[in-house]
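Undergrad: Please read through the structure below; I'll follow up with questions.
2 protein chains.
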Amino acid sequence: MREAFHDQLDGIFADLSEICGQVEVAVREATKALMTGDVHTADQVIGNDKAIDAARERVDDTAFSLLSLQQPVAGDLRVIVSALRMATELERMGDLSVHVAKIARLRVPAVAVPDELRPTMQRMAETAEDMVRRVRDIIIERDVEAAIELGRDDEVMDQLRRRSFTELLSADWQHGVEAAVDVALLGRYYERIADHSVSVANRVVFVVTGDLPSRD
Amino acid sequence: MREAFHDQLDGIFADLSEICGQVEVAVREATKALMTGDVHTADQVIGNDKAIDAARERVDDTAFSLLSLQQPVAGDLRVIVSALRMATELERMGDLSVHVAKIARLRVPAVAVPDELRPTMQRMAETAEDMVRRVRDIIIERDVEAAIELGRDDEVMDQLRRRSFTELLSADWQHGVEAAVDVALLGRYYERIADHSVSVANRVVFVVTGDLPSRD
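Protein chains in written order, with my numbering: chain C, -3 to 212; chain Y, -3 to 212.
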């Protein structure tokens, strides 16, 4: 029974890494839509979110059946509940990518991000995408070291967010209120994707070691 | 054993309604800080968030001990996992109140919301606070009807959010980029508090009926 339990648990983590791969595509494509004003790509991100939701529901179902059939004890129980929470957070990261795509879509054929903000916004997007990619590897490898490192690198996103505020609140901002609001909300969405990435990575640490790097 | 189980489950729901009461205070006081520029109130909201986090951890611990000791079957299992998710969402609503308080604090002794936006922002805040108050009653009474109604009323918040965008993107916006960014982010925070309220109410429906009003 213990062996069957761990096989099924491995199955859940394989599913989680797959969802994380779908989220990675969503973040990348939403950014592409944002930076190019490509409505087709934006629509794809929005349309593909259903698949992420469905994959999350499958993880839920598997986890519940595992809990019911195997009646795991305290430690294993916490591992499965962690997996449920990881699935919820990954789904949320997909939703945030959809929010980015929707801002891109609203501004078509223009581009939401003014030229002078593009370097900072591009770095925020790349940082978010990079964190999602690393989370995927962390889930696959159950890599505690990499997970702790990811938590430390979250500071990069905070710095970029502060820089974007400095830029859009500078006296020589020429792009009006709409672009400023777009940039502020986009920054918030990428920051939340980064936050969730750290949280998912922390749950991997918990699954492997039984302790969180910090309570979250 | 079944009776002990349901007593403990009632205890978890009592704790959840208490957390919801703390969140209601947080939303109300954060709004007060926002509308008056009162730094002391803002600091209180920020300081009190630790109590919400601690209360959430206690719910987690009780739920896990219930799962471990009682080994509930499928239906009861889903109820307890729902309670865990409700606790997570309530904690998140507390965090969002802190975000509102922090924007208020940043602008002290000024007030973040320009006069002409105050009616809309006040209505968003009141709508959020009202939803949190209703969620608390819904948790206490396990009131499925009220929960379904709450889901329908979420549309009010969407309308207010759209109105705030119309106002701040209007040609005669005189308050500059900083105020516009503040208003956009504040609107986002209140909207998320409303979203989580609906989600918590939906989980109550699930706990009582075994079905969600819609999958979330």
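In this text, a Cβ means the ideal position worked out from N, Cα and C, and glycines have one as well. This one's a predicted model, so the numbers in the text were calculated from it and none came from an experiment.
1) Identify the continuous alpha helix (DSSP H) that holds Y:H192 and give its terminal residues.
2) Determine whether the Cβ of C:S64 lies closer than 9 Å to any Cβ atom of chain Y.
3) Less than 9 Å between the C-beta atoms of Y:A97 and Y:I42, yes or no?
4) Does the CB of Y:A180 have a neighbour CB from chain C at under 9 Å?
5) Going by other Cβ atoms of all chains shown within 10 Å of its Cβ, with 16 needed for buried, is C:H2 buried or exposed?
6) For Y:R81, does the count of other Cβ atoms within 10 angstroms reach 16, so buried, or fall short, so exposed?
7) What do you get for Y:E141, buried or exposed, if any count of 16 or more other CB atoms within 10 angstroms of its CB means buried?
8) Taking 9 Å as the threshold (beta carbon to beta carbon), is C:R54 in contact with chain Y?
9) Measuring only from the beta carbon, is C:I189 closer than 8 Å to any heavy atom that is part of the ligand ZN?
10) Could you check whether the Cβ of C:R114 sits closer than 9 Å to any Cβ belonging to chain A?
11) Using a Cβ-Cβ cutoff of 9 Å, what residues of the segment 100 to 128 of chain C are near chain Y? List them in chain order.
12) Beta carbon of Y:A38, beta carbon of Y:A47: below 9 Å?
13) Does any C-beta atom of chain Y lie closer than 9 Å to the C-beta of C:E174?
14) If you drop the 5 nearest sequence neighbours on each side, which residues of the same chain put their C-beta closer than 8 Å to that of Y:R211?
15) Does any CB atom of chain C fall closer than 9 Å to the CB of Y:L73?
16) With C:A100 and C:A106 assumed to form a contact (beta carbons below 8 Å), what rounded beta-carbon distance in angstroms separates them?
17) Return the first residue and the last residue of the alpha helix (DSSP H) that C:S166 is part of.
TA: On the basis of the coordinates in this document:
1) Along the second sequence, read from residue 1 onward, the residue named residue 192 of chain Y stands at position 196. Counting along the chain, the alpha helix (DSSP H) containing Y:H192 begins and ends at G172 to T205.
2) The residue labelled residue 64 of chain C in the question sits at position 68 within the first sequence. Yes, contact with chain Y.
3) Your numbering for residue 97 of chain Y matches position 101 in the second sequence. Your numbering for residue 42 of chain Y matches position 46 in the second sequence. Going by C-beta atoms, Y:A97 is nearer than 9 Å to Y:I42.
4) As a first step, residue 180 of chain Y is located in the second sequence; it is residue number 184 there, counting from the start. At least one chain C Cβ lies under 9 Å of Y:A180.
5) Here residue 2 of chain C refers to the residue found at position 6 of the first sequence. With fewer than 16 other beta carbons inside 10 angstroms of its own, C:H2 counts as exposed.
6) Here residue 81 of chain Y refers to the residue found at position 85 of the second sequence. Only buried fits Y:R81, as 16 or more other CB atoms lie within 10 angstroms of its CB.
7) Translated into positions along the second sequence, residue 141 of chain Y becomes position 145. A residue is called buried once 16 or more other Cβ atoms fall within 10 Å of its Cβ, and Y:E141, having fewer, is exposed.
8) Mapped onto the first sequence, residue 54 of chain C falls at position 58. So no, C:R54 is outside the interface.
9) As for the ligand ZN, it is missing from this structure, which has no ligand bound.
10) Chain labels in this structure do not include chain A; the protein chains are C and Y.
11) none
12) Mapped onto the second sequence, residue 38 of chain Y falls at position 42. Mapped onto the second sequence, residue 47 of chain Y falls at position 51. No, the pair does not count as a contact, with Cβ atoms beyond the cut-off.
13) Translated into the one-based positions of the first sequence, residue 174 of chain C becomes position 178. Yes - at least one Cβ of chain Y is within 9 Å of the one on C:E174.
14) Working through the second sequence from its first residue, we reach residue 211 of chain Y at position 215. Interpretation of Y:R211 is limited by its pLDDT of 42, a score under 50 that renders its predicted location unreliable; no figure is taken from the coordinates.
15) Residue numbering aside, residue 73 of chain Y sits at position 77 when the second sequence is read from its first letter. True, the Cβ-Cβ gap to chain C drops below 9 Å.
16) Working through the first sequence from its first residue, we reach residue 100 of chain C at position 104. Working through the first sequence from its first residue, we reach residue 106 of chain C at position 110. Contact flag wrong, Cβ pair sits at about 10 Å.
17) Translated into positions along the first sequence, residue 166 of chain C becomes position 170. Counting along the chain, C:S166 falls outside any alpha helix (DSSP H), and DSSP gives it neither H nor E.
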